[in-house]
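**Student:** Got a structure for you, written out below as C-alpha cells; questions coming shortly.
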Amino acid sequence: MTSVRNNNAPRRYFVDAVGRRVLIGLTLEETFEFERLDSEPDGGRTGAIWIERSAQPAPGEQRWLELYAKHEDAWKVWMAQSRVDQPYL
Numbered sequence: 148m149t150s151v152r153n154n155n156a157p158r159r160y161f162v163d164a165v166g167r168r169v170l171i172g173l174t175l176e177e178t179f180e181f182e183r184l185d186s187e188p189d190g191g192r193t194g195a196i197w198i199e200r201s202a203q204p205a206p207g208e209q210r211w212l213e214l215y216a217k218h219e220d221a222w223k224v225w226m227a228q229s230r231v232d233q234p235y236l
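Using my numbering, you'd call the opening residue of the sequence shown number 148 and step up by one each time.
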C-alpha cells in the first residue's frame with residue numbers, strides 16, 4: 148500500500164480462514180487487484196490524480212479509486228465498531 152511504516156497505525160488487513168492477508172472490505176481478488184494497481188507507476192502523470200480535477204482518470208486509476216473507496220468505507224465502519232467494542236479504561 149504505502150511505503151510509510153508506522154507500527155502504531157491500526158492494521159488495514161485481516162487474515163482470512165486460510166491465512167491470507169485481505170484488505171478490510173475487499174475480497175481476496177480485489178485485494179490482489181488493488182495492490183497490483185497501487186504498485187504500478189503513475190504512467191508519467193505529473194500530479195496526484197485527486198489534484199488533477201480537470202483530467203479524466205485512466206481506467207486503472209479509476210478502478211484503484213473504486214477499490215480504495217470500498218476499502219475506506221469498510222475501514223471506517225470497522226474502526227467505529229472497534230471503538231464501541233473496547234471497554235473504557
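A virtual CB, placed ideally from N, CA and C, is assigned to each residue, including glycine.
Please read all numbers here as calculations on a predicted model, not as lab measurements.
Put Leu173 into one of helix, strand or coil per three-state DSSP.
**Tutor:** By 1-based counting over the sequence shown, the position of residue 173 is 26. Coil at Leu173, not helix or strand.
**Student:** In whole angstroms, what separates the C-alpha of Gly166 from that of Gly172?
**Tutor:** The sequence position of residue 166 within the sequence shown is 19, counting from 1. The sequence position of residue 172 within the sequence shown is 25, counting from 1. Their backbone Cα atoms lie some 17 Å apart in a straight line.
**Student:** Of all the options Leu170, Phe179, Leu184, which has the alpha carbon lying nearest to the alpha carbon of Pro206?
**Tutor:** Counting from one through the sequence shown, the residue named residue 206 turns up at place 59. The shortest C-alpha separation from Pro206 is found at Leu184.
**Student:** Helix or strand or just coil, what does DSSP make of Val165?
**Tutor:** As a first step, residue 165 must be located in the sequence shown, where it is residue number 18. Three-state result, Val165: coil.
**Student:** Applying the criterion that 16 or more other CB atoms from any shown protein chain within 10 Å of the CB defines a buried residue, is Leu175 buried or exposed?
**Tutor:** Within the sequence shown, the letter at position 28 stands for residue 175. Exposed, by the Cβ-count rule.
**Student:** Between the alpha carbons of Trp225 and Gln203, how many angstroms are there, rounded?
**Tutor:** On the sequence shown, residue 225 is found 78 positions in, with the first residue counted as 1. On the sequence shown, residue 203 is found 56 positions in, with the first residue counted as 1. The straight-line gap from Cα to Cα measures roughly 31 Å.
**Student:** Cutting at 7 Å between CB atoms, please list the residues of its own chain near Arg168, excluding the five before and the five after it.
**Tutor:** Within the sequence shown, numbered from 1, the residue matching residue 168 stands at position 21. Tyr160, Val162.
**Student:** Out of Tyr215, Asp220, Val231, state which residue places its alpha-carbon closest to the alpha-carbon of Glu177.
**Tutor:** By 1-based counting over the sequence shown, the position of residue 177 is 30. Closest by alpha carbon: Tyr215.
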